[in-house]
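Quick notes on the structure that follows.
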Amino acid sequence: MFLTDEERRILDGEYGEPQRIALGVLLKLGEAYGADRMVEIASAHVVGSSYQIAGEAGIEIYSQLVAQGARVKVRTTSDPGSIDFLRWREFKTPANYAERQIKIAALLDQMGVIPTWTCTPYTTFNVPRFGEDLGWSESSAVVFANSVIGAHTNRLAAYVDVCAALTGRVPRFGLHLPECRRGEVLFELDPDLATNFEDHFFPALGYLIGQVTGDRIPVIAGVKHATFDQLKALGAASAASGSVALYHMVGITPEARTLEEALGGRAPAERVSVGKREIVQTLEQMSTGQAGAVDVVGVGCPHASIDQMRRYAALLRGKRVHTGVQLWICTNTAVEEMARKMGYVEAIEQAGAKLMVGTCHNDCPLGAWGFRRLVTDSGKFAYYTPTTVGTECVFASTEACLEAAITGAVERP
Ligand code: F3S
């Protein structure tokens with residue numbers, strides 16, 4: 006790989022041990038993937054902020070880095086942690102577990118990481134521009150940054166993201182190269198689909214796309230309109246059921262003004278027709294649980310936006326969550342504060358729902374609750390919670406989720 010004079014000096018240790026080690030890791034990664042050189046990044050986003058992901062190894066590594074004077078070189082934000090820093094006792098998090106997460110938070114603070122504790126950093130303090138190179142991890146954030154914003158980042162692994170943050174660089178391969186951003190699998194939607202499925206439609210379509218596409222790049226043709234939150238939900242589901250890091254939606258995402266542009270002027274390697282039947286089959290797969298009594302409801306995955314908070318408040322105002330049911334809404338502190346100012350948090354809490362801030366059902370240890378059936382409107386939760394929380398899962402629309410929390414029971418969609 007070509008290295009600049011400065012990069013050679015970093016590898017010689019002129020800028021300190023943390024940068025030397027970090028660039029060495031990135032160099033090995035670049036060589037493995039055939040990168041020609043490093044590229045400077047505008048920002049980093051790190052997943053090893055979570056104790057569940059970083060573990061004791063993370064504490065050890067970050068402690069050493071801090072002792073060696075490590076500071077991030079570019080704007081760097083933290084993914085959700087494994088506790089709600091204010092309410093961890095309410096979520097029955099063991100005290101020794103919370104202590105370990107708090108220790109990681111203190112170490113990241115010393116390295117200069119912005120403590121966003123969110124999987125939607127693009128809504129708060131880490132908003133990329135079109136065409137910028139980034140060093141991000143967190144699959145749902147990566148797919149949003151690449152697809153909806155048109156920034157360039159591969160799906161970095163934990164610790165590689167820290168190396169990117171410490172050096173302000175990543176090896177130039179994969180989605181940093183224009184020729185690797187062309188669509189490969191074309192999903193052609195029946196014209197009436199988007200209106201038939203509304204709320205369910207986007208995460209279900211994302212889930213289906215992830216299953217078919219794997220790590221290739223899907224192009225979606227036939228969606229007339231999609232909101233910020235619908236694009237967020239679709240991407241997160243596709244990145245969970247598959248490894249999608251970039252999708253193009255014709256006429257909607259910035260590198261897909263036309264079908265030809267999305268495909269880079271080539272024919273798709275595969276065409277997939279998506280009609281009502283395919284969506285119904287996907288909805289069946291997303292629900293591993295049966296209809297019946299519910300004990301936990303999870304919305305806000307990826308972390309809820311202010312629009313979603315408004316919607317939850319409107320749906321819950323004057324209602325009451327059923328005894329024995331936990332309704333948890335995941336979001337970040339910036340959205341929480343705004344939602345509090347706007348009266349949404351009051352309506353949500355008066356109904357008996359809880360905000361889960363800076364973390365989520367998948368990141369927290371929830372064993373003490375003994376949950377059996379989770380209802381969610383998130384394709385990502387639907388994919389992971391049977392493993393991470395150990396529950397059955399019923400995927401449903403946002404309205405149906407909140408209704409289940411109020412009645413204490415759910416139908417399969
Ligand atoms: Fe975010 Fe947790 Fe979902 S990290 S994307 S809320 S699984």
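Our numbering puts the first residue of the sequence shown at 6, with every later residue one more than the last. Every residue gets a Cβ at the ideal spot worked out from N, C-alpha and C, and that includes glycine.
Residue i CB to nearest heavy atom of the ligand F3S below 7 Å
i: Lys281; result: no
i: Asp234; result: no
i: Ala59; result: no
i: Cys3; result: There is simply no residue 3 to check, as the chain begins at 6 and stops at 418 in what is shown.
i: Pro391; result: no
i: Cys124; result: yes
i: Lys385; result: yes
i: Asp89; result: no
i: Asp368; result: yes
i: Cys406; result: no
i: Ile241; result: The sequence shown places Ala at residue 241, not Ile. Yes, Cβ of Ala241 sits closer than 7 Å to a heavy atom of the ligand F3S.
i: Leu365; result: It is Cys, not Leu, that sits at residue 365 in the sequence shown. Yes, Cβ of Cys365 sits closer than 7 Å to a heavy atom of the ligand F3S.
i: Pro120; result: no
i: Ser421; result: Absent from the model: residue 421. The displayed extent of the chain is 6 to 418, so no value can be given.
i: Pro448; result: Summary: the structure shown does not reach residue 448, with the chain confined to residues 6 through 418, and so no result is reported for it.
i: Pro208; result: no
i: Cys335; result: yes
i: Phe85; result: Here residue 85 turns out to be Pro, not Phe, going by the sequence shown. Yes, Cβ of Pro85 sits closer than 7 Å to a heavy atom of the ligand F3S.
Where residue i falls, given that 16 or more other Cβ within 10 Å makes a residue buried
i: Thr232; result: exposed
i: Glu260; result: buried
i: Ser83; result: buried
i: Leu371; result: buried
i: His230; result: exposed
i: Ala250; result: buried
i: Ala387; result: buried
i: Leu91; result: exposed
i: Pro133; result: buried
i: Ser87; result: buried
i: Gly35; result: buried
i: Asn101; result: exposed
i: Val419; result: This structure does not reach residue 419, given that the chain is present from 6 up to 418, and the question cannot be answered.
i: Thr128; result: buried
i: Thr125; result: buried
Beta-carbon spacing of residue i, residue j below 8 Å
i: Ala226; j: Leu194; result: yes
i: Thr381; j: Cys306; result: yes
i: Gly211; j: Ala241; result: yes
i: Ser152; j: Tyr252; result: yes
i: Tyr164; j: Gly29; result: no
i: Ser248; j: Gln216; result: no
i: Phe130; j: Lys237; result: no
i: Gly188; j: Val228; result: no
i: Asp300; j: Arg378; result: yes
i: Val478; j: Arg160; result: Summary: the structure shown does not reach residue 478, with the chain confined to residues 6 through 418, and so no result is reported for it.
i: Trp333; j: His366; result: yes
i: Pro85; j: Ser55; result: yes
i: Thr403; j: Asp204; result: yes
i: Thr293; j: Glu397; result: yes
i: Ser243; j: Ile214; result: yes
i: Thr81; j: Gly363; result: no
i: Val255; j: Leu264; result: yes
i: Ala47; j: Asp138; result: yes
i: Ile66; j: Lys108; result: no
i: Ile311; j: Met343; result: yes
i: Ala296; j: Arg417; result: yes
i: Met291; j: Gly384; result: yes
i: Val415; j: Val399; result: yes
i: Ala409; j: Val285; result: no
i: Gly21; j: Gln73; result: yes
Cutoff 8 Å; reference residue i; Cβ partners in own chain excluding five residues on either side
i: Gly155; result: Phe135, Gly136, Thr258, Pro259 and Glu260
i: Asp114; result: Pro120
i: Arg325; result: Ala356, Gly357 and Ile411
i: Gly39; result: Phe178
Contacting residues, own chain, Cβ-Cβ under 7 Å from residue i (five flanking each side not counted)
i: Arg76; result: Met116 and Gly117
i: Arg42; result: Met6, Phe7 and Arg177
i: Ala162; result: Ser142
Cβ shell of residue i (< 6 Å), same chain only, five flanking positions each side left out
i: Ala27; result: Cys168, Leu171 and Thr172
i: Gly179; result: Asn159 and Cys185
i: Glu275; result: Val190
i: Asp368; result: Ser55, Gln57, Pro85 and Ser87
i: Val71; result: Leu112 and Gln115
i: His157; result: Asp138, Leu180 and His181
i: Ala209; result: Ile284, Thr287 and Leu288
Within-8 Å CB hit, residue i to chain D
i: Phe178; result: In the structure shown, chain D does not exist; there is a single protein chain.
Length-filtered (3 minimum) beta strand (DSSP E) runs lying within the segment 260 to 292: 275 to 279
Runs of alpha helix (DSSP H) lying entirely within the segment 76 to 134, each at least 4 residues, in chain order: 100 to 116
Runs of alpha helix (DSSP H) lying entirely within the segment 302 to 379, each at least 4 residues, in chain order: 311 to 321, 338 to 346 and 349 to 355
3 or more residues per run - each beta strand (DSSP E) lying fully within the segment 136 to 222: 174 to 176 and 190 to 194
Minimum length 4: unbroken alpha helix (DSSP H) runs contained in the segment 384 to 409: 384 to 393
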